[in-house]
Amino acid sequence: MAAPSSGSGKTTVATGLMAAFTERGLAVSPHKVGPDYIDPGYHALATGRPGRNLDAYMCGPDLVGPLFEHGAAGCDLAIVEGVMGLYDGAAGQGELASTAQIAKLLRAPVVLVVDGSSQSRSVAALVHGFASWDPEVRIGGVILNKVGSDRHEELLREALDGSGVPVLGALRRAKQVRTPSRHLGLVPVAERRAEAVEAVAALAEQVRGGVDLEAVLALARGAGTTGAVAWEPGAGAGQGKRTEGAQPVVAVAAGPAFTFSYAEHAELLSAAGATVVPFDPLHDEQLPDGTSGLVIGGGFPEVYAPELSANEPLRKAVAALAAAGTPVAAECAGLLYLARSLDGQPMCGVLDAEARMSEKLTLGYREAVAVGDSALAAAGTRLRGHEFHRTVIEPGAGAAPAWGFTHPQRRVEGFVQGNVHASYLHTHWASAPEMAYRFVERCAQR
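Okay, so the sequence shown: first residue is 0 according to numbering that gives the first Met the number 0, each after it adds one.
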């Protein structure tokens with residue numbers, strides 16, 4: 000599911016299709032191009048399966064097929080929601096990480112979601128341009144979105160007659176289902192589950208009424224095969240040996256404040272020998288029994304700073320755990336939670352740093368190298384990640400940086416303090432599975 004540009008309605012149509020096909024009894028595998036964490040939450044709600052990301056920048060083109068096959072195993076249908084415009088990818092790097100590249104790697108046909116709200120006959124030129132730009136990308140159909148009336152739909156369909164690209168459906172502008180947004184995109188499912196369930200059901204109803212589902216299914220049946228072997232979290236060179244003996248308990252932050260996590264991370268931790276136990280820092284006053292390691296991913300702690308601060312027993316437990324040398328891996332929101340304060344609200348105080356909201360959005364792919372040894376990465380470990388935040392952190396003294404960024408700009412970032420590794424950088428451990436094994440090994444030693 001692709002579009003000429005952001006804002007055309009990819010998420011609306013993709014999620015509605017996932018829900019509609021799931022309601023028909025099909026096992027639907029949901030995927031999202033790029034590093035986005037929020038859309039996959041809606042995909043998971045629509046399908047009952049984990050939403051998974053396909054990111055050719057962070058994981059490399061060679062892993063796209065294996066990760067897709069891993070997620071789609073046992074399913075009848077896979078639906079991949081694209082990112083930005085069809086041909087937009089990593090800045091200055093051609094097609095890398097674009098929806099078009101993913102479609103070619105998967106040999107999958109593309110459905111173009113077109114915002115028809117401000118055009119009629121021009122839609123034919125738009126679709127022709129996208130269909131002819133790259134002959135290796137097969138535009139298999141168009142879904143017209145935000146259509147104003149029956150007459151408007153008739154004009155759009157007439158314009159596309161003879162284009163060679165069939166119209167698979169049309170969705171009315173007046174029936175658009177609204178999903179709330181804020182500074183980093185849609186509000187995650189975990190923060191509004193009841194409303195999200197209703198929204199997904201409404202999207203399914205809208206898609207059933209406006210899209211030819213049989214035609215979409217027929218198009219999917221015409222997809223090629225990836226030729227890839229499914230990725231397995233417990234296999235592959237360089238991942239290390241599964242920890243023997245008692246399984247260390249790795250507590251993973253979850254709940255509304257910490258929703259940013261890739262499904263493969265927990266799978267890798269389990270494959271390395273850990274017992275993965277989620278907990279909610281908003282409500283749980285103690286860490287899971289026997290915690291030997293702590294993973295705190297991304298999310299929106301700035302939205303929940305008062306509630307996180309009010310849970311003083313857990314803040315003290317996290318601080319004591321880190322002080323005792325227990326391995327801690329924190330990304331973005333986790334970094335903020337480990338600081339002394341966030342927007343003036345006391346946090347865990349593990350790091351000598353103050354965090355606050357900022358007007359500036361920091362966004363983009365990064366190439367990074369581990370500055371020194373840590374519980375998560377050996378010195379010199381190279382990987383690609385992603386930054387996405389509207390906060391800044393002002394460090395004190397006593398901690399070494401976690402990463403040295405080599406592209407697009409050179410700087411150091413993050414904290415390594417004892418067995419604590421904290422950084423703004425979002426990483427996909429499937430690209431460097433040895434990090435999960437290293438982390439679990441350190442946990443087992445504790």
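By construction, the Cβ of each residue, glycine as well, lies at the ideal position given by its N, Cα and C atoms. Given the structure is predicted, the values throughout are model-derived calculations rather than measurements.
Per DSSP, cross-strand counterpart(s) of residue i
i      : result
Pro277 : Val251
Pro29  : Ile78
Phe259 : Gly297
Ala1   : Leu111
Phe414 : Ala421
Phe129 : Paired residue(s): none; Phe129 is not in a bridge.
Thr290 : Val248
His406 : Glu366
Val206 : Partner(s): none; Val206 has no beta bridge.
Thr426 : Gly384
Of the listed residues the options, nearest to residue i (C-alpha basis)
i      : options                        : result
Ala200 : Trp132, Arg409, Thr11          : Thr11
Gly417 : Leu216, Arg445, Ala435         : Arg445
Gly348 : Tyr336, Ser357, Met356         : Tyr336
Gly70  : Tyr303, Pro305, Ser357, Glu231 : Glu231
Ala329 : Gly403, Phe387, Pro345, Leu375 : Leu375
Val112 : Gly15, Ala431, Pro49, Ala332   : Gly15
Pro305 : Gly324, Met346, Pro29          : Met346
His127 : Val317, Gly163, Gly289         : Gly163
Glu123 : Gly64, Glu157, Trp132, Ser148  : For the record, residue 123 in the displayed sequence is Ala; it is not Glu. Cα-wise, what sits closest to Ala123 is Glu157.
Ile37  : Leu62, Ala262, Glu68           : Ala262
Phe278 : Thr225, Asp160, Ser4, Ala316   : Ala316
Val411 : Ala431, Val368, Val32, Leu212  : Val368
Ala322 : Ile78, Ala332, Leu293          : Leu293
Leu154 : Ser117, Ala130, Asp133         : Ser117
Arg383 : Arg389, Tyr364, Ala398, Glu80  : Tyr364
Glu358 : Gly343, Arg389, Arg314         : Arg389
Arg51  : Phe67, Leu62, Leu360, Asp61    : Phe67
Met57  : Gly139, Tyr41, Gly73, Ala89    : Ala89
Gly480 : Pro39, Glu440, Tyr423, Arg106  : Residue 480 lies beyond the range of the chain shown here (0 to 445); nothing can be said about it.
Ala189 : Phe299, Thr224, Gly403         : Phe299
Glu433 : Gly168, Glu80, Gly233          : Gly233
Arg220 : Arg192, Arg106, Ala319         : Arg106
Gly47  : Asp160, Ser131, His30          : His30
Residue i vs residue j beta-carbon contact at 9 Å
i      : j      : result
Ala102 : Val141 : no
Ala45  : Val27  : yes
Pro326 : Val419 : yes
Leu202 : Val166 : no
Val215 : Val110 : yes
Gln246 : Ala273 : yes
Cys442 : Glu386 : no
Met452 : Ser4   : Residue 452 cannot be examined here, being either before or after the span of the chain that is shown, 0 to 445.
Leu307 : Leu341 : yes
Ala435 : Trp428 : yes
Ile392 : Ala338 : yes
Leu350 : Phe414 : yes
Leu104 : Ala55  : yes
Asp288 : Leu313 : no
Ala399 : Val370 : yes
Leu62  : Val32  : no
His42  : Phe259 : no
Pro187 : Gly139 : no
Asp114 : Gly6   : yes
Gly59  : Ser430 : yes
**Prompt:** At which residue ranges does the region 34 to 94 contain complete alpha helix (DSSP H) runs of 4 or more residues, listed in the order of the chain?
**Reply:** 37 to 46, 60 to 71
**Message:** For the region 203 to 212 against the region 15 to 29, do three or more pairs of beta-carbon atoms, one drawn from each stretch, fall closer than 8 Å, so that the two count as touching?
**Reply:** yes
**Message:** Three Cβ pairs or more, each shorter than 8 Å: is that satisfied between the region 254 to 268 and the region 90 to 105?
**Reply:** no
**Message:** List, from N- to C-terminal side, the beta strand (DSSP E) runs of 3 residues or more that fit wholly inside the region 131 to 190.
**Reply:** Within the region 131 to 190, the complete beta strand (DSSP E) runs of at least 3 residues are 138 to 146, 166 to 171.
**Asked** Which parts of the region 325 to 401 are runs of the beta strand (DSSP E), unbroken and 3 residues or longer, counting only runs that do not cross its ends?
**Response** 327 to 330, 352 to 369, 381 to 394
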